[in-house]
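Trainee: Residue numbers (our numbering): 131 to 424.
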Ligand code: PD2
Ligand code: ZN
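(1) Are the stretch 334-351 and the stretch 410-420 in contact at 8 Å, needing three or more beta carbon pairs?
(2) Classify residue 288 as helix, strand or coil using the three-state DSSP reduction.
(3) By a C-beta neighbour count over all protein chains shown, 10 Å radius and 16 as the cutoff for buried, is residue 166 buried or exposed?
(4) Which runs of the alpha helix (DSSP H) fall wholly inside the stretch 324-401 and span at least 4 residues, in chain order?
(5) Is the number of C-beta pairs between the stretch 331-340 and the stretch 370-378 that are closer than 8 Å three or more?
(6) Between the alpha carbons of residue 299 and residue 133, how many angstroms are there, rounded?
(7) Can you grab the Cα-Cα spacing for the pair residue 280 / residue 289, in whole Å?
(8) With respect to the alpha helix (DSSP H) encompassing residue 167, which residues constitute its N-terminal and C-terminal limits?
(9) Span of the beta strand (DSSP E) holding residue 225?
(10) Let me check understanding here. Comparing Cα to Cα, which of 409, 420, 199 lies closest to residue 249?
(11) Looking at the strands, I want to know which residues DSSP matches up with residue 281.
(12) Using the rule of at least 16 other Cβ atoms within 10 Å of the residue's Cβ for burial, across every protein chain shown, is residue 295 buried or exposed?
(13) Give the single residue among 227, 149, 259, 301 whose Cα lies nearest to the Cα of residue 322.
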């Protein structure tokens, strides 16, 4: 049986503030209990905020249901065409692997060697040190650990980028307009990215505004632009996958479903690069047309 209780916004925001700065959920519950909140109510409040952060859904409102069904994630079937070979004009993209949770596909021959080289040469003079989103403020900050360099192309910025974006739309089933500008990343020896999800967690104004403008991020296509000698795999710690970068290959994974929930099993990272360079192009896809911040 479930009951409904008041959940004042300041209490919710205090819980959010503590969880996003890494305070253990149990300590947050204990603090609420020490201020005379019943333990089941405190636990449900903390759970509701943690669940919004974990599944990328809206924060709870001023009334909270206690004792409802636990939240889980139901993946959508991918719109990637069936079969081992996808013909896109002159290009034949091969499907090497299809996975269910997180929903994912590994493609070979997604990009030609000449296309990989052209993307790298276009990006090289425009690289700047990569930033991450600060979960508390929603602002871009330079990551504290050894990080990559990166840049963004504008959607359809050059004929090559337009051609690749159209290819991505055919493969993923999402229109070109749902794609954010292509991000280019270059890692040098020692560089990595720490575990993160690509969907926008609702704990800050910047993410909330972005979700309102363009919908949630629902999928990521990583395109590997060079062969990497050692390290630099894209790893998925919740499911034990390790994707080895190979020039021209693409790894597509989806984490957003039609009910607006996101899949925490899509947590991923780039393992430290041991030797040489790693170049990757990332296309993030929204649930509806991407509208950049004005
Ligand atoms: O470069 C990668 O393998 C990688 C890993 C995790 C890229 C991203 N995330 C990303 O661009 O979101
Ligand atoms: Zn990522």
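Cβ atoms here follow ideal geometry from the backbone N, Cα and C, with glycine treated the same way.
Mentor: Based on what the coordinates show:
(1) yes
(2) coil
(3) exposed
(4) Uninterrupted alpha helix (DSSP H) stretches at least 4 residues long and entirely within the stretch 324-401 occur at 335-344, given in chain order.
(5) no
(6) If I take the Cα positions, the gap works out to 45 Å.
(7) 21 Å
(8) It is not in any alpha helix (DSSP H) - residue 167 carries neither H nor E in the DSSP assignment.
(9) Following the DSSP letters along the chain, one finds residue 225 inside the beta strand (DSSP E) bounded by residues 221-229.
(10) Considering only alpha carbons, the answer is 409.
(11) 314
(12) buried
(13) 259
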